[in-house]
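Heads up, the thing below is written out as structure tokens.
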Amino acid sequence: MNVEKYLKRISIKQVQVNFHSLQSLQRNHMHQIPFENLDTSRKRWIDLDLESMYAKIIENKRGGLCFELNPLFNWLLTQIGFTTVMVTGTVAIDEKNWGKENTHLTNLVELEGTTYLTDVGFGNSSQTPIPLSGEIVNDGFHQYRIVHHSNDMYDLQQAVSNDTWKTQIRFSTEPRTLAEYEPLSSFVQTHPNSPFTNHRIVTIATKNGRVTLTDDSLVITQHDHKNVFDVNDDEWNHLYNSYF
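What follows is the structure, given as structure tokens:
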């Protein structure tokens with residue numbers, strides 16, 4: 006890995022092993038590198054290889070799925086000097102339903118005695134590290150917290166009102182490797198029930214909100230205001246190149 010090239014890709018000039026740098030790295034990563042499934046939607050296999058991920062995302066300026074973005078970010082953090090591990094979690098669809106177990110790959114960072122969830126691969130989620138201590142964090146758009154569920158399991162929650170919280174991910178603190186994630190990657194990339202195999206989605210955080218492009222729509226969110234535009238095939242590549 007060329008750390009300098011990676012930092013340039015996410016518009017970071019200098020870093021230190023402290024919370025301020027970790028926060029800047031996560032926020033800039035989410036502002037510069039989109040979450041996208043263009044390979045899986047086109048039936049192109051993604052190898053769980055860090056060098057391949059680096060070439061795709063840093064050198065070729067693409068985006069990726071959680072199992073590309075978060076391992077690559079983990080590698081960067083390790084090269085800088087942070088103490089970090091990869092872990093898996095299950096995405097909550099709604100209050101009663103869950104996605105495929107442990108198909109979300111994310112990162113925990115240990116810093117100055119505190120463990121933080123630091124996720125750059127979950128679409129519309131926190132743009133700042135969240136401590137596992139339960140402290141409420143505001144990333145400028147939403148409030149988040151992490152609550153202990155059971156044993157080594159924790160819930161990432163987003164506030165939907167003053168007294169209502171919605172679980173986004175339930176994750177374990179048990180360290181995982183890319184090799185262990187391989188069977189789950191196969192599900193995400195090939196299974197008909199995977200949310201990423203049949204439709205295109207590209208989404209990126211912005212300073213004021215988020216831009217999301219799907220097969221047939223462009224959604225531009227600025228603060229609490231959302232504009233939705235219909236998209237046809239002739240426009241798609243132009244919009245992709247313009248926004249991402």
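Residue numbers (our numbering): 6 to 249.
Quick reminder that beta carbons are idealized off the backbone N, C-alpha and C, glycines included.
| field | N42 - partner residues in DSSP beta bridges | value | Along the sequence shown, one-based indexing puts residue 42 at 37. Beta-bridge pairing links N42 to no other residue.
| query | Can you give the Cα-Cα distance for V193 and T108, rounded to whole angstroms? | reply | The sequence position of residue 193 within the sequence shown is 188, counting from 1. The sequence position of residue 108 within the sequence shown is 103, counting from 1. Distance between the alpha carbons of V193 and T108: 7 Å.
| query | Helix, strand or coil for H196 per DSSP? | reply | Sequence index remark: in the sequence shown, residue 196 carries index 191 (1-based). DSSP places H196 in coil when its eight states are reduced to three.
| message | With distance defined between alpha-carbon atoms, name the residue in L53, R32 and R14 nearest to P134. | response | Here residue 134 refers to the residue found at position 129 when the sequence shown is read from its first residue. Ranking L53, R32 and R14 by Cα distance to P134 puts R32 first.
| message | Determine whether the beta carbon atoms of V125 and F78 lie at a separation below 7 Å. | response | If you number the sequence shown from 1, residue 125 lands on position 120. If you number the sequence shown from 1, residue 78 lands on position 73. Yes, the Cβ-Cβ distance between V125 and F78 is below 7 Å.
| said: Taking the straight line between their C-alpha atoms, what separation do you get for N242 and R47? | reply: As a position in the sequence shown, residue 242 is number 237, starting the count at 1. As a position in the sequence shown, residue 47 is number 42, starting the count at 1. N242 and R47: Cα-Cα distance of roughly 14 Å.
| How is T217 classed by DSSP in three states: helix, strand or coil? | Mapped onto the sequence shown, residue 217 falls at position 212. Strand at T217.
| said: Between the alpha carbons of Y149 and D168, how many angstroms are there, rounded? | reply: If you number the sequence shown from 1, residue 149 lands on position 144. If you number the sequence shown from 1, residue 168 lands on position 163. About 12 Å.
| field | Per-residue DSSP class, three states only, for H109 | value | Working through the sequence shown from its first residue, we reach residue 109 at position 104. Strand.
| request: Can you check DSSP and say which residues form a bridge with W103? | output: Mapped onto the sequence shown, residue 103 falls at position 98. In the DSSP output, where bridge partners are listed per residue, W103 has A97.
| message | Here's the rule I'm using: 16 or more other beta-carbon atoms within 10 Å means buried, otherwise exposed. How should D99 be labelled? | response | For the purposes of this step, residue 99 is identified with residue 94 of the sequence shown, where counting begins at 1. Exposed is the call here.
| task | Using alpha carbons as the reference points, say which of P39, Q21 and K13 lies closest to L218. | result | The count along the sequence shown starts at 1 and reaches residue 218 at position 213. Nearest of P39, Q21 and K13 to L218, Cα basis: P39.
| Top-ranked residue by Cα proximity to D54, from R215, T182, T202 and F249 | On the sequence shown, residue 54 is found 49 positions in, with the first residue counted as 1. Closest option to D54, Cα to Cα, is T182.
| message | Do Q37 and S57 count as a contact pair if the criterion is CB distance below 7 Å? | response | On the sequence shown, position 52 is the one that residue 57 refers to. On the sequence shown, position 32 is the one that residue 37 refers to. No, the Cβ-Cβ distance between S57 and Q37 is not below 7 Å.
| query | Skipping 5 residues on each side, what residues in its chain have a beta carbon closer than 7 Å to that of H204? | reply | Reading the sequence shown from its first residue, position 199 is the one you call residue 204. Cβ neighbours of H204 beyond the five flanking positions: S46, T219 and D220.
| query | Is the distance from the Cβ of Y159 to the Cβ of F146 below 7 Å? | reply | As a first step, residue 159 must be located in the sequence shown, where it is residue number 154. As a first step, residue 146 must be located in the sequence shown, where it is residue number 141. Their beta carbons are not under 7 Å apart, which means Y159 does not touch F146 by this criterion.
| task | Rounded to whole angstroms, what's the CA-CA distance from A97 to S29? Just pull it up for me. | result | Counting from 1 along the sequence shown, the entry for residue 97 is found at position 92. Counting from 1 along the sequence shown, the entry for residue 29 is found at position 24. If I take the Cα positions, the gap works out to 27 Å.
| query | How big is the Cα-Cα spacing for N129 and K212? | reply | Taking the sequence shown and counting its residues from 1, the one referred to as residue 129 is at position 124. Taking the sequence shown and counting its residues from 1, the one referred to as residue 212 is at position 207. About 13 Å.
| task | Mind checking who P136 pairs with in its DSSP beta bridge? | result | In the sequence shown, counting from the first residue as 1, residue 136 sits at position 131. Note: P136 sits in a beta bridge opposite Y121.
| said: Among L122, P136 and K171, whose alpha-carbon lies nearest the alpha-carbon of N319? | reply: Absent from the model: residue 319. The displayed extent of the chain is 6 to 249, so no value can be given.
| task | Could you please give the first and the last residue of the uninterrupted alpha helix (DSSP H) stretch that includes K57? | result | Here residue 57 refers to the residue found at position 52 of the sequence shown. The sequence given here has Ser at residue 57, not Lys. Element bounds for S57: L55 to Y59.
| task | Take L43 as the anchor and find which of F234, D229, N246 and T202 has the nearest alpha-carbon. | result | Within the sequence shown, residue 43 is the residue found at index 38, counting from 1. Residue T202 is the option with its Cα nearest to L43.
| request: Confirm, please, whether the CB-CB distance from Q84 to V8 is below 7 Å. | output: Here the question's residue 8 lines up with position 3 in the sequence shown. Here the question's residue 84 lines up with position 79 in the sequence shown. A contact, by the Cβ cut-off of 7 Å.
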